[in-house]
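**Student:** Taking the UniProt record's numbering, I'd label the letters of the sequence shown as residues 1 to 188. Think of the CB as a built atom: it goes at the ideal place given N, C-alpha and C, for glycine as much as any other residue. All values reported here derive from a predicted model rather than from experimental measurement.
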Amino acid sequence: MEKSQQEINEIQQKYSKQIEQMRKMLLNMYAVSNIRFWYSCLSNFRKSDDMFKDIMQMDAFATSIIISYGRIFGKGTGTTKLEEKIIPLDLLNIHKEIIDFRHAKYAHHGELSSFERDIEIHYVDSSFIIDPKLEVGVWLGAPKKWAPLFEWLDGYMYDTFQAKLASLTKETGIEWKFPHGPAPSWIK
Numbered sequence: 001m002e003k004s005q006q007e008i009n010e011i012q013q014k015y016s017k018q019i020e021q022m023r024k025m026l027l028n029m030y031a032v033s034n035i036r037f038w039y040s041c042l043s044n045f046r047k048s049d050d051m052f053k054d055i056m057q058m059d060a061f062a063t064s065i066i067i068s069y070g071r072i073f074g075k076g077t078g079t080t081k082l083e084e085k086i087i088p089l090d091l092l093n094i095h096k097e098i099i100d101f102r103h104a105k106y107a108h109h110g111e112l113s114s115f116e117r118d119i120e121i122h123y124v125d126s127s128f129i130i131d132p133k134l135e136v137g138v139w140l141g142a143p144k145k146w147a148p149l150f151e152w153l154d155g156y157m158y159d160t161f162q163a164k165l166a167s168l169t170k171e172t173g174i175e176w177k178f179p180h181g182p183a184p185s186w187i188k
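1. Please determine, among E84, I67, I86, I130, the residue with the shortest C-alpha to C-alpha distance to A104.
2. Report the rounded CA-to-CA distance for E10 versus D100, giving the unit in angstroms.
3. Within the continuous alpha helix (DSSP H) that includes W38, where are the two ends?
4. At 4 residues or longer, and completely inside the region 39-76: list those alpha helix (DSSP H) runs for me, N to C.
5. I'd like to confirm the pairing. Which residues does DSSP put opposite P132 in its beta bridges?
6. DSSP puts S127 in a beta bridge; with which residues?
7. If you reduce the DSSP assignment to three classes, tell me which class H95 lands in.
8. Does the beta-carbon distance from M157 to M22 come in below 8 Å?
9. Is the Cβ-Cβ distance between G141 and L42 less than 8 Å?
10. Using 8 Å as the Cβ pair cut-off and three pairs as the minimum, do the region 56-74 and the region 33-41 touch?
11. Go to L82, then tell me how far its alpha helix (DSSP H) extends in each direction, as first and last residue.
12. Since I believe L168 is in contact with L91 (beta carbons under 8 Å), could you give me their beta-carbon distance rounded to a whole number of angstroms?
13. When the Cα atoms are used, what is the spatial distance from P143 to M58?
14. Sorted by chain position, which residues of the same chain lie with C-beta nearer than 6 Å to V32's C-beta, five sequence neighbours on each side aside?
Structural data, given as structure tokens:
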């Protein structure tokens, strides 16, 4: 049965809270897509002849993953915050590892134990020469134990969104749909 524009507007107004929740979920869904993409890049990384460039790229991929993951579980005004309690027990330690790593390396710069820094000072030819010493722990490739967590999170986001659509369909008597197609090439 067709609806008039006024009826459509009234339905949207009546269910504006649920619609806003879905709108906010979109940022988390995008973050999960980012995580899956960057994890794929890290998983399929191949070394080059430039070791320093390789290390910087791997660190950039890991940084992207960790920051995107942390955003999903952090406070924000434009999105919904997921709670740790939704994580299955068998994946909870991996979740905590990523969140702790985010806090130590990115959110509170310098607290990470695998990030060592120092300077050596040499006096040469009437000048002080600063010799920086920086040692950073990075993953070589993607931590395999992370994959099940990211796969679960992707499914959780999909199922949660679909449940909201089903609820709106039931409450309004009108089918609510979200377009979807095949998974991107980087999702195995």
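**Tutor:** Once the coordinates are examined:
1. Residue 104 sits at position 104 when you count from the first residue of the sequence shown. Cα-wise, what sits closest to A104 is I67.
2. Position 10 of the sequence shown, counted from the start, is the residue given in the question as residue 10. Position 100 of the sequence shown, counted from the start, is the residue given in the question as residue 100. Roughly 45 Å between the two C-alpha positions.
3. As a working mapping, residue 38 is identified with position 38 in the sequence shown. 16-43 is the extent of the alpha helix (DSSP H) around W38.
4. 51-72
5. The count along the sequence shown starts at 1 and reaches residue 132 at position 132. Paired residues: I119.
6. Here residue 127 refers to the residue found at position 127 when the sequence shown is read from its first residue. According to DSSP, S127 bridges with V124.
7. On the sequence shown, residue 95 is found 95 positions in, with the first residue counted as 1. Correct three-state label for H95: helix.
8. Position 157 of the sequence shown, counted from the start, is the residue given in the question as residue 157. Position 22 of the sequence shown, counted from the start, is the residue given in the question as residue 22. Going by C-beta atoms, M157 is not nearer than 8 Å to M22.
9. Reading the sequence shown from its first residue, position 141 is the one you call residue 141. Reading the sequence shown from its first residue, position 42 is the one you call residue 42. Against a cut-off of 8 Å, the Cβ pair of L42 and G141 comes out as a contact.
10. yes
11. Within the sequence shown, residue 82 is the residue found at index 82, counting from 1. Where L82 is concerned, there is no enclosing alpha helix (DSSP H), given that its DSSP letter is neither H nor E.
12. Against the sequence shown, residue 91 aligns to sequence position 91. Against the sequence shown, residue 168 aligns to sequence position 168. Not quite, the Cβ-Cβ distance comes to about 29 Å (not below 8 Å), so this is no contact.
13. In the sequence shown, counting from the first residue as 1, residue 143 sits at position 143. In the sequence shown, counting from the first residue as 1, residue 58 sits at position 58. C-alpha separation (whole angstroms): 11 Å.
14. Position 32 of the sequence shown holds residue 32. Result list for V32: L153, D154, M157, in chain order.
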